[in-house]
Amino acid sequence: MQRQTIDPQRPVSRVNPFRVMSVMERATELEKQGRDIVHMEVGEPDFSTAPAIIEAGKQALDRGLTQYTPAAGIPELRDCLVTHYAQRYGVSVARERIFITPGASGGLTLLANLLIAPGDGVLLSDPAYPCVRNFIHLMSAEPQLIPVSLEQNFQPGTAQLEAHYQPNSKGLWLASPSNPTGTILQRPQLQAACDWVRGKGLHLLVDEIYHGLHYVDDLPSVLELDQSCFVVNSFSKYYGMTGWRLGWIVVPEEFVSVTNTLAQNLYISASSIAQYAALAAFTDEARLVFEQRRQAFRERGDYLSKALKEIGFILADSIQGAFYIYANISKFSADCEQFCHQMLEDHGVAITPGTDFGEYECKKFVRFAFTTDMASLQQGVERLRKALI
Ligand SMILES: Cc1ncc(COP(=O)(O)O)c(C=O)c1O
73 MQRQTIDPQR PVSRVNPFRV MSVMERATEL EKQGRDIVHM EVGEPDFSTA
123 PAIIEAGKQA LDRGLTQYTP AAGIPELRDC LVTHYAQRYG VSVARERIFI
173 TPGASGGLTL LANLLIAPGD GVLLSDPAYP CVRNFIHLMS AEPQLIPVSL
223 EQNFQPGTAQ LEAHYQPNSK GLWLASPSNP TGTILQRPQL QAACDWVRGK
273 GLHLLVDEIY HGLHYVDDLP SVLELDQSCF VVNSFSKYYG MTGWRLGWIV
323 VPEEFVSVTN TLAQNLYISA SSIAQYAALA AFTDEARLVF EQRRQAFRER
373 GDYLSKALKE IGFILADSIQ GAFYIYANIS KFSADCEQFC HQMLEDHGVA
423 ITPGTDFGEY ECKKFVRFAF TTDMASLQQG VERLRKALI
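Numbering of the sequence shown is given in my numbering, commencing with residue 73 and proceeding in unit increments.
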């Protein structure tokens, strides 16, 4: 009998692998051959999880807290998030509306299933985090890409939303700060997006996974402006818990019951150990560690941003959030993949090509992640200087 293959008509055939993964694999291969590689491709903090959280995780294991939890998560952790929204943003969010998920990825999967039907269109910025496009494809729906440029801070304005709106558009999915650009939606811009979405009767989802890792004074949660929106967040980035696989979503009141049903069916619950460990993320001890790390990211980002501009990359004036710089390479190359290949093979610097993140001008851009220590960043900059100046 002939072996089955994936039918190219099926939605799964439209899901692309991350190019950053092949950059990482090749970098590791070169390291095994004895080469020294500076890693600026990795989208996760280089710091390990804060000691208080690790200790809480160990205690959870010792106490045998190893069973499934309620699908929505343990009440204590959801309550910590209620307090977090009240203290950090001054908004009141009922515990029922907060669902603990297996990473932001689990939250996005759930919300894609909840909000998107076959044939729907979902408006997205281009460039954006690639999984989002893929989730939409998996729902047999259509990502409706809004090209956003460096000049507009890589975030869409309402005129553009209006221009890309189609009769089948059902929602707008944004991220602030964004991956790969690190840019944020200013409060008036976010308010304008909320108003536009409401006027059109669409849903609005905002990925706030890089909240906390921001270097501007005002970074609003969309919940401050409109409680009918969907929020995705995670313990991965600011809280430094990528490998624990823990995130959360906030849904409007009327979606609580169906969200619970979907959570039960899709993953039963998030990891119990990770949830008990994450309770320690809300202690003063852990907060101090997060703040020190945020400062370290800021220093690295400021350094890298200045150095890249001096070399001839074109990028935003200042870093706003996350740990990414999305830089135009036109001065050096018209093909980001070739550029990244050359930087890695010939100069030992690993960076991610813009083609991972969308279509609009993607060949002219690369993403630098400042998720490595200052000495390594300096080494990387030195190598880029030698290669490009
Ligand atoms: C914008 C954005 N959303 C979601 C995720 C997924 O994160 P998690 O580790 O919480 O699943 C990432 C990971 O890089 C991201 O950059």
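The C-beta atom is built at its ideal place from N, Cα and C for all residues, glycine as well. Small disclaimer: the values here were computed from a predicted structure and weren't measured.
Short Cβ contact (9 Å threshold) for residue i with residue j
{"i": "residue 274", "j": "residue 241", "result": "yes"}
{"i": "residue 314", "j": "residue 111", "result": "no"}
{"i": "residue 328", "j": "residue 209", "result": "no"}
{"i": "residue 373", "j": "residue 283", "result": "no"}
{"i": "residue 396", "j": "residue 441", "result": "yes"}
{"i": "residue 196", "j": "residue 217", "result": "yes"}
{"i": "residue 435", "j": "residue 409", "result": "yes"}
{"i": "residue 113", "j": "residue 422", "result": "yes"}
{"i": "residue 228", "j": "residue 430", "result": "no"}
{"i": "residue 290", "j": "residue 258", "result": "yes"}
{"i": "residue 154", "j": "residue 135", "result": "no"}
Beta strand (DSSP E) segment containing residue i, residue limits
{"i": "residue 170", "result": "170-173"}
{"i": "residue 297", "result": "Unbroken run through residue 297: none, as it is neither H nor E."}
N-terminal and C-terminal residue of the alpha helix (DSSP H) that residue i is part of
{"i": "residue 441", "result": "No alpha helix (DSSP H) contains residue 441, which is instead part of the beta strand (DSSP E) from 437-441."}
{"i": "residue 129", "result": "123-134"}
{"i": "residue 452", "result": "446-460"}
{"i": "residue 383", "result": "356-383"}
{"i": "residue 308", "result": "Here residue 308 belongs to no alpha helix (DSSP H), and DSSP marks it neither H nor E."}
{"i": "residue 259", "result": "259-272"}
Residue i burial status per 10 Å Cβ neighbour count (16 or more: buried)
{"i": "residue 323", "result": "buried"}
{"i": "residue 244", "result": "buried"}
{"i": "residue 309", "result": "buried"}
{"i": "residue 288", "result": "exposed"}
{"i": "residue 337", "result": "exposed"}
{"i": "residue 371", "result": "exposed"}
{"i": "residue 319", "result": "buried"}
{"i": "residue 367", "result": "exposed"}
{"i": "residue 425", "result": "buried"}
Residue(s) in a DSSP beta bridge with residue i
{"i": "residue 214", "result": "193"}
{"i": "residue 429", "result": "According to DSSP, which records beta bridges pairwise, residue 429 is partnered with nothing at all."}
{"i": "residue 302", "result": "277"}
{"i": "residue 110", "result": "421"}
{"i": "residue 219", "result": "198"}
{"i": "residue 247", "result": "279"}
{"i": "residue 386", "result": "400"}
{"i": "residue 322", "result": "170 and 303"}
Backbone secondary structure at residue i - three-state DSSP
{"i": "residue 400", "result": "strand"}
{"i": "residue 144", "result": "coil"}
{"i": "residue 241", "result": "strand"}
Subject >> Shell residues, 6 Å Cβ cut-off relative to heavy atoms of ligand 3 >> reply: This structure lacks ligand 3; its bound ligands are ligand 1.
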